[in-house]
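Student: Before anything else, here's the structure in question.
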Amino acid sequence: MSTSAAPTPLESRASGPLTGTIRVPGDKSISHRALILGAMAVGETTISGLLEGEDVLNTAKSMRILGAKVERTGDFAWSVRGVGVGGFAQPGETLDFGNSGTGCRLVMGAVAGCPITAVFDGDASLRSRPMRRILDPLALMGAKVIAEGEGGRLPLTLQGARNPIPIEYRTPVASAQIKSAVLLAGLAAPGITTVIEQEASRDHTELMLKHFGAEIVTTAEGPHGRRIALAGEPELRGAAVIVPGDPSSAAFPIVAALIVEGSDLVLPDVMTNPLRTGLFTTLREMGASIEESDVRGDAGEPMARLRVRASKLRGVEVPPECAPSMIDEYLVLAVAASYAEGTTIMRGLQELRVKESDRLEATAAMLRVNGVKVEIVGDDLIVEGRGHVPGGGLVATHMDHRIAMSALVMGLASDQPVKVDDTAFIATSFPDFLPLMRKAGAEFA
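Just so you know, the sequence shown maps onto residues 66 to 510 in the numbering used here.
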């Protein structure tokens with residue numbers, strides 16, 4: 066099992082204007098998928114801009130253990146020589162995903178379609194997170210759980226299907242991880258595997274499957290949903306993938322620039338997939354100045370240069386249907402809401418309860434300890450913005466990288482410094498967060 070380094074506490078304090086250019090890391094979702102599909106393809110896949118954080122590096126290591134040849138060829142440049150669909154080798158060691166739920170759950174899907182048995186594990190945080198919602202559809206496809214932790218948690222041993230069965234599966238919640246696991250398992254099944262979503266989740270897996278040569282068709286299902294049909298047993302072909310900047314990572318410097326007076330920050334090549342940019346839309350509704358230019362794309366994923374300037378924000382109501390497009394960004398949106406004038410209501414946040422921590426409770430605690438009036442009603446988060454944040458609190462991160470970064474952003478404009486109990490886990494998604502923010506003018510000590 067993964068072990069974390071000693072805690073590294075940090076204090077964030079009011080800063081001068083944040084200026085210059087911040088190039089955020091490659092998108093984590095795209096990085097995971099490029100490695101996994103590269104390993105399931107025939108031939109070489111070249112990846113540029115890969116996020117080299119711990120989460121993605123653990124996925125790269127797992128692909129090696131499963132028989133793919135994975136090499137770092139330069140800064141953020143990688144090569145993968147795959148084994149083909151259904152070609153994973155019997156692993157000789159545990160697949161350890163550290164803190165990464167995405168890497169673990171997607172690889173479960175990929176392994177489920179292969180006649181091998183693999184042990185999945187992770188750190189204390191990942192061991193506490195539920196896996197049953199992934200394992201249930203995989204069982205319908207013929208995979209079996211041989212051993213598991215309490216309640217279907219890690220560590221667990223998964224036996225892949227010798228003859229995978231294509232299924233039609235309706236996801237219980239809008240989850241790109243559930244959908245992706247089923248589709249990756251479905252690659253090895255004859256016939257059509259179909260996933261039906263009532264609310265559309267991130268479509269990175271569908272776009273990248275097409276990029277690697279799979280036959281996949283997406284149609285509308287109801288007012289907000291999608292039906293995704295994948296033809297099984299394709300020969301995926303190695304491809305070139307350019308990884309755009311991660312909008313979930315960009316969220317932190319963006320909100321920081323909005324709340325620190327006089328800031329003017331540029332972020333190049335940030336992904337602008339509409340299923341990932343709910344935060345940008347909501348911040349603009351709050352009055353944020355976020356301009357896009359130099360729009361381009363790769364592998365179906367659009368990207369753009371963003372210019373963000375300090376703005377006077379106002380409270381808004383965020384409906385539950387926005388959640389799939391910004392589920393990882395609600396923590397830092399709550400920080401923006403704290404600095405807004407008026408009440409912000411974020412509805413339908415039940416998915417936050419099954420992330421690296423119970424992010425709904427942790428977000429409320431982060432705000433309360435720093436003098437912000439906040440309330441949880443059911444699965445809704447209600448933040449009373451007063452245009453400023455008193456600060457002065459110590460934030461418990463619960464080994465969650467997004468809580469740590471959100472708290473550090475909050476302290477850049479608060480009346481008193483904000484203390485964070487541990488910043489070690491920031492490395493899982495944004496290894497250069499601290500030096501990049503300091504270079505732009507952030508005050509951390």
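We put the CB at the ideal spot given by N, CA and C, even for glycine. Values in this document were obtained by computation on a predicted structure and should not be read as measured data.
1) Would A304 and A461 qualify as a contact pair, given that the criterion is a beta-carbon distance under 9 Å?
2) If we ignore side chains and look at the alpha-carbon of each, how far apart do D311 and S96 end up?
3) Quick one, which of P384, T124, A71 and A285 has its alpha-carbon nearest K93's?
4) Where do the ends of the alpha helix (DSSP H) carrying T138 lie?
5) Kindly provide the ranges of any beta strand (DSSP E) runs that are 3 or more residues long and lie completely inside the segment 221 to 294, ordered along the chain.
6) At the level of alpha carbons, what is the spacing between A79 and P318?
7) Where E416 and I392 are concerned, what is the direct C-alpha to C-alpha distance, given to the nearest angstrom?
8) In chain order, what residues of the same chain have a beta carbon less than 6 Å from the beta carbon of M66, not counting five sequence neighbours either side?
9) Do the segment 485 to 502 and the segment 85 to 92 meet, that is, are 3 or more Cβ pairs less than 8 Å apart?
10) Since V360 and S471 should fall inside the 8 Å C-beta cutoff, what is the C-beta to C-beta distance between them, to a whole number of angstroms?
11) Looking at C-beta atoms only, is the number of pairs between the segment 292 to 302 and the segment 257 to 266 that lie closer than 8 Å three or more?
12) At what residues does the beta strand (DSSP E) containing K93 begin and finish?
13) Using 10 angstroms around the beta-carbon of D201, count the other beta-carbons present and answer buried if the total reaches 16, otherwise exposed.
14) With a CB to CB cut of under 7 Å and the five nearest residues on each side skipped, what residues in its chain are close to G214?
15) Write down the C-beta distance between G452 and E406 rounded to the nearest angstrom, noting that I regard them as a contact closer than 8 Å.
16) In chain order, which continuous runs of the beta strand (DSSP E) of length 3 or greater are located wholly inside the segment 336 to 365?
17) Excluding the 5 residues preceding and the 5 following P72 in the sequence, name in chain order all residues of the same chain whose CB lies nearer than 6 Å to its CB.
18) Throw me the rounded Cβ distance for the E264 and A285 pair, which I believe falls under 8 Å.
19) What would DSSP say about D120, mapped onto helix, strand or coil?
20) Rounded to whole angstroms, what's the CA-CA distance from R98 to M273? Just pull it up for me.
21) Assign N164 to buried or exposed, taking buried as 16 or more other Cβ atoms, counted over all protein chains shown, within 10 Å of its Cβ.
22) Taking the alpha carbon of L378 as the point to measure from, which residue in S358, L348 and G362 has its own alpha carbon closest?
23) Note down, in chain order, each residue of its chain lying with its Cβ closer than 8 Å to the Cβ of E280, except the 5 sequence neighbours on either side.
24) So for Q481, helix, strand or coil by DSSP?
25) Assuming the contact rule is C-beta atoms closer than 8 Å, T428 and L396 should be a hit. Round their C-beta distance to whole Å, please.
26) Count the other CB atoms within 10 Å of the CB of P255; is the residue buried (16 or more) or exposed (fewer)?
27) Using the Cα positions of L115 and G327, report the straight-line distance between them to the nearest angstrom.
28) Taking the continuous beta strand (DSSP E) assigned at I410, which residues delimit it?
29) Hey, could you find the ends of the alpha helix (DSSP H) V320 is sitting in?
30) Grouping DSSP H, G and I as helix and E and B as strand, with all else coil, what is M502?
31) Does the beta carbon of Q481 come closer than 9 Å to any beta carbon on chain C?
32) Give the DSSP-derived three-state secondary structure of M368 in the structure shown.
33) Exposed or buried, which one is N435 when buried takes at least 16 other CB atoms within 10 Å?
34) Taking the beta carbon of P309 as the centre, do at least 16 other beta carbons fall within 10 Å, making it buried, or is it exposed?
35) With 16 as the cutoff for other CB atoms within 10 Å, does Q155 come out buried or exposed?
36) Would you kindly work out how many angstroms separate the C-alpha atoms of P180 and T159, rounded to a whole number?
Tutor: Result, derived from the coordinates:
1) no
2) 10 Å
3) T124
4) No alpha helix (DSSP H) holds T138; the beta strand (DSSP E) holding it covers K134 to G139.
5) 233 to 235, 257 to 262 and 281 to 286
6) 14 Å
7) 7 Å
8) Here the model assigns M66 a pLDDT of 41, short of 50, so the residue's position is not dependable, and the following value carries that caveat. The residues are D186.
9) yes
10) Their Cβ separation, rounded to whole angstroms, is 28 Å, which puts V360 and S471 out of contact at 8 Å.
11) yes
12) Careful: K93 lies outside any beta strand (DSSP E), inside the alpha helix (DSSP H) at K93 to M105.
13) exposed
14) R192, P220 and L221
15) 5 Å
16) 354 to 363
17) D487
18) Contact flag wrong, Cβ pair sits at about 12 Å.
19) helix
20) 8 Å
21) buried
22) L348
23) L295, A296 and P299
24) strand
25) 5 Å
26) exposed
27) 32 Å
28) E406 to M411
29) P312 to I324
30) helix
31) Within the model displayed, chain C is absent; a lone protein chain is all it includes.
32) strand
33) buried
34) buried
35) exposed
36) 17 Å
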